[in-house]
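Protein chains: 2
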Amino acid sequence: MSGNVLTEQEAIRQSLKLVEKSGFCLLGTIADDGSPNIKGMYNVKHEGLKKIWFSTNTSSRRVQQLRKDDRACVYFVAAGRPGKGQSKGLMLSGTVEILQDIESRKMLWSEGARIYYPLGVMDPDYCVLCFKARTGNFYHKLQNAIFDIR
Amino acid sequence: MSGNVLTEQEAIRQSLKLVEKSGFCLLGTIADDGSPNIKGMYNVKHEGLKKIWFSTNTSSRRVQQLRKDDRACVYFVAAGRPGKGQSKGLMLSGTVEILQDIESRKMLWSEGARIYYPLGVMDPDYCVLCFKARTGNFYHKLQNAIFDIR
């Protein structure tokens, strides 16, 4: 039945919906020794599926890793119960740019962030990660759709 | 105040608690081109923090990647609200063994899995991943504790 086939268009539509409703996502990076790393991140700002911005500590292991290898993935998930095939997952693959300019800092700043960056918006330990997606891989109901991000 | 310091012992205790209550976790692997990949997995069986077993499709990209590079991480998360510092995250780092023996198949099998492996417990497209952790990295309340898994 054609209605059951996950088209690229439908995968992109559902991916956007998943990103919109996710307050949380996972950032995948490569450690110094080439092994994979994952860290949970708040999804505070995004531009469609193209760009996702995160705030993080400049001194963090994540930032050190990204300085050496800027390749990353961002994963969004809506987990269903096992054996029902209802879980949705979206993996965006791309690269990360580390930003410390005033505009980027202000764009992501919220007063709640002061617990992480006590010196405020200009805290040298505060930086912004801009993830730029190149491809998406959306999974739902036992089907996968891989698409380019334009 | 010493009560606020996250000791290794306390990090391991809280890590075990997080794994116990998580029905879902994230598997990080390395793609052919060396970039990071993430996939959501059901947490169906584990042995403390040492071993975690997953079932997956033998034909999946994940299995192909792990045949080339067996290094992986498994991430467990309990996301709190932003700006509260309450989120908990555990990253276990280690390697994955791909198993297709009868014992491993039966150990993880449930009838609900038939939607993924229509031929049942001996379906050639059904395999078991055994993740063996070497180190743990637990995060809570702005503190990190890194520990060896013994």
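From first to last, the protein sequence lines stand for chains X and L. 44 is the number of the first residue of the first sequence in the working numbering; add one for each residue after it. 44 is the number of the first residue of the second sequence in the working numbering; add one for each residue after it. Beta carbons: idealized from backbone N, C-alpha and C, even for Gly.
In its chain, beyond the 5 residues on either side, no residue has a beta carbon closer than 6 Å to the beta carbon of Glu90/L.
Nearest to Ser65/L by alpha-carbon distance, out of Thr178/L, Val120/L and Cys170/L, is Val120/L. Spatial neighbours of Cys116/L in its own chain (CB-CB distance under 6 Å, excluding positions within 5 residues in sequence) are listed in chain order as Gly71, Met134 and Ser136.
For chain L, the residues of the region 71-93 of chain X that bring a beta carbon within less than 9 Å of one of its beta carbons are Gly71, Thr72, Ile73, Ala74, Asp76, Gly77, Ser78, Pro79, Asn80, Ile81, Lys82, Gly83, Tyr85 and Val87, in chain order. For Gly132/L, at least one C-beta of chain X is nearer than 7 Å to its own C-beta.
In the three-state DSSP reduction, Ser65/L falls in the coil class, being neither helix nor strand. Within chain X, no residue has its beta carbon less than 8 Å from that of Ala54/L; the closest one is some 16 Å off. Put simply, of Asn180/X, Gln108/X and Ser130/X the residue whose alpha carbon is nearest the alpha carbon of Arg105/L is Asn180/X.
With fewer than 16 other beta carbons inside 10 angstroms of its own, Thr50/X counts as exposed. Close to chain L, meaning a Cβ-Cβ distance shorter than 7 Å, are the following residues of the region 104-119 of chain X: Arg114, Ala115, Cys116 and Tyr118. In the displayed model, Ile192/L falls within coil according to three-state DSSP, outside both helix and strand.
Here Val171/X carries a strand assignment [DSSP, helix/strand/coil].
Lys60/L counts as exposed, since fewer than 16 other C-beta atoms from the protein chains shown sit within 10 angstroms of its C-beta.
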